[in-house]
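>
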Amino acid sequence: MQRKNLFNKFLALTSLGALGLMGLVNPVQARVWFNYSTVEQNVMLQSWQLDLTLAQHANQELTIAEFFDLVRAVPYLNKATLSKDGDKFKIDLNFSEIVGYTDKYCKTETENAVDHACGNITGAQILRLLINNSDFAVAYAFPQIKQDATTKKDSKTLNLLKGIEVTEYKDLKVSQDVLDKAEFTQYLAERYKIKLVPNR
Numbered sequence: 000m001q002r003k004n005l006f007n008k009f010l011a012l013t014s015l016g017a018l019g020l021m022g023l024v025n026p027v028q029a030r031v032w033f034n035y036s037t038v039e040q041n042v043m044l045q046s047w048q049l050d051l052t053l054a055q056h057a058n059q060e061l062t063i064a065e066f067f068d069l070v071r072a073v074p075y076l077n078k079a080t081l082s083k084d085g086d087k088f089k090i091d092l093n094f095s096e097i098v099g100y101t102d103k104y105c106k107t108e109t110e111n112a113v114d115h116a117c118g119n120i121t122g123a124q125i126l127r128l129l130i131n132n133s134d135f136a137v138a139y140a141f142p143q144i145k146q147d148a149t150t151k152k153d154s155k156t157l158n159l160l161k162g163i164e165v166t167e168y169k170d171l172k173v174s175q176d177v178l179d180k181a182e183f184t185q186y187l188a189e190r191y192k193i194k195l196v197p198n199r
């Protein structure tokens with residue numbers, strides 16, 4: 000339901016004609032730039048960069064590792080908490096900065112939604128949710144979660160990961176058939192004309 004609501008908001012805020020395939024930001028943005036807090040500037044820039052980079056790969060192939068590295072480079076998409084429900088891991092995402100931004104600037108009735116790059120931001124959030132709701136959720140999240148837990152000396156998370164082999168993206172083994180069935184793969188193909196492929 001959360002993903003469906005986000006996607007509906009994304010459709011309401013954007014069109015390929017308004018945003019352009021390259022994710023270009025309206026010049027009006029420059030006039031309001033200094034009204035943004037540092038966090039808001041970062042949310043906008045990071046989402047815009049991800050959209051632009053993906054658009055530059057239109058009609059090309061990306062390996063699963065290359066794609067995951069691009070998404071992982073956006074900090075506000077990757078604040079996650081690890082827990083365990085029985086023998087299954089659960090990954091909860093914290094989009095507080097993104098939600099704060101979209102609540103302030105990206106309501107569908109706001110006439111300047113495109114000026115605030117709302118389509119880029121909502122699109123990036125949809126992409127991260129699609130990864131988290133897929134069979135790749137753990138493979139994607141574990142390297143960042145382990146890195147954060149090690150840096151922060153988070154013993155609770157480190158204990159959950161104890162004995163678990165965390166595979167780097169470049170070492171992921173997956174078939175093309177499995178990749179093709181993932182919703183985020185289909186989203187990349189539809190929005191960016193990108194073909195996601197196994198690691199070479």
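Residue 0 is where the sequence shown starts when you use numbering that gives the first Met the number 0, and the numbers rise one by one after that.
Every residue, glycine too, gets a C-beta built ideally from N, C-alpha and C.
The structure presented is a predicted model; accordingly, all values stated were derived computationally and were not measured.
Cα-Cα, which of R190, E167, L159 is closest to G214?
Here the chain has residues from 0 to 199 only, and residue 214 is not among them.
> Name the one or two DSSP bridge partners that V196 has.
On the sequence shown, position 197 is the one that residue 196 refers to. Bridge partners of V196: T62.
> Looking at the strands, I want to know which residues DSSP matches up with T80.
On the sequence shown, residue 80 is found 81 positions in, with the first residue counted as 1. T80 pairs with D91.
> Mind the definition here: the segment 52-69 touches the segment 90-105 only if three or more C-beta pairs lie below 8 Å; say whether that holds.
Counting Cβ pairs under 8 Å, fewer than three are found: no touch.
> When the Cα atoms are used, what is the spatial distance from A138 to K106?
Along the sequence shown, one-based indexing puts residue 138 at 139. Along the sequence shown, one-based indexing puts residue 106 at 107. If you take the alpha carbons of A138 and K106, they lie about 33 Å apart.
> Is the Cβ-Cβ distance between A123 and V73 less than 8 Å?
Within the sequence shown, numbered from 1, the residue matching residue 123 stands at position 124. Within the sequence shown, numbered from 1, the residue matching residue 73 stands at position 74. Yes. Within cutoff.
> Excluding five sequence neighbours on each side, which residues of the same chain lie with their C-beta closer than 7 Å to the C-beta of T101?
As a working note, residue 101 is residue 102 in the sequence shown. So the list reads C117, I120, T121, once near-sequence residues are dropped.
> For Q200, which option in I125, E39, F141, I193 has the closest C-alpha, if you only look at C-alpha atoms?
Past the boundaries of the shown model lies residue 200; the chain is included only from 0 to 199, so the question cannot be answered.
> Is the beta carbon of I144 less than 8 Å from the beta carbon of L76?
Against the sequence shown, residue 144 aligns to sequence position 145. Against the sequence shown, residue 76 aligns to sequence position 77. No; because the gap between Cβ atoms is not below 8 Å, this pair is not in contact.
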